[in-house]
């Protein structure tokens, strides 16, 4: 039987081989759709139908419906006046509020992650950043968004936070679609000046304060896109 894709630790979705029930279907779809929203695969105002999701993932309507309703409860999707499920459109003030919350929470979770970051992690972050830079050169916004998500969450997951990390994930569910819209509108020039190199350089010299400051500056750069 076909089973739901499950996204783990920023990797591409994979398909389980063992038979699963509706609950596993729903959880797998939810994790995959969550990741796609954080990466900006969906645009503000886009209609996300149950039929579409069921067709894309080869599932029945029930787990698709439950996964989408789960995202509605998290604020990632909303019901329109006509009861369609859509990606919400954030106004300028709401988007700035999300970025402000990101700056505070992500700086703190980065501080928690710092003692757990190894040389291998730094090398992986550098590889991710190289892919991001190549995406910027190609004006490949989709690849940039995926890489940016992978870069940040590679760090944040190392914090092992059970409180702050879930809050950050909720913020990225709201941030991803709007950031994708901004990048699509303004092009690669709007995303070229990130602080990922400063992040990895600070980690290489074991400078925790510079590392946290670089994370904060990277998020502030997103705020500048609205100025």
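Numbering (the UniProt record's numbering), first residue to last: 1 to 227. In this text, a Cβ means the ideal position worked out from N, Cα and C, and glycines have one as well. Bear in mind the structure is a predicted one, so any value in this text is a computation, not a measurement.
{"Asked": "Distance between beta carbons of residue 67 and residue 33, contact taken as under 8 Å", "Found": "6 Å"}
{"Asked": "Residue 93 beta carbon near the ligand PLP (any heavy atom closer than 8 Å)", "Found": "Among the components modelled here there is no ligand, and therefore nothing to report on the ligand PLP."}
{"Asked": "Option in 183, 164, 179 and 203 with minimal Cα separation from residue 96", "Found": "179"}
{"Asked": "Residue 215 and residue 74 closer than 9 Å at C-beta", "Found": "no"}
{"Asked": "Residue 79 - DSSP class collapsed to helix/strand/coil", "Found": "strand"}
{"Asked": "Nearest to residue 106 (by Cα), restricted to the options 139, 157, 30 and 198", "Found": "157"}
{"Asked": "Pairwise C-alpha distance: residue 110 and residue 212", "Found": "6 Å"}
{"Asked": "Spatially closest choice to residue 221 from 84, 195 and 26, by CA coordinates", "Found": "195"}
{"Asked": "Separation of residue 92 from residue 37, as counted between CA atoms", "Found": "19 Å"}
{"Asked": "Boundaries (first-last residue) of the alpha helix (DSSP H) holding residue 104", "Found": "92-113"}
{"Asked": "Unbroken alpha helix (DSSP H) run spanning residue 160, endpoints", "Found": "Careful: residue 160 lies outside any alpha helix (DSSP H) and carries neither H nor E."}
{"Asked": "Continuous alpha helix (DSSP H) stretch holding residue 84: start and end", "Found": "That residue, residue 84, is in no alpha helix (DSSP H); it is neither H nor E in DSSP."}
{"Asked": "CA nearest to the CA of residue 113, picked from 160, 120, 84 and 87", "Found": "160"}
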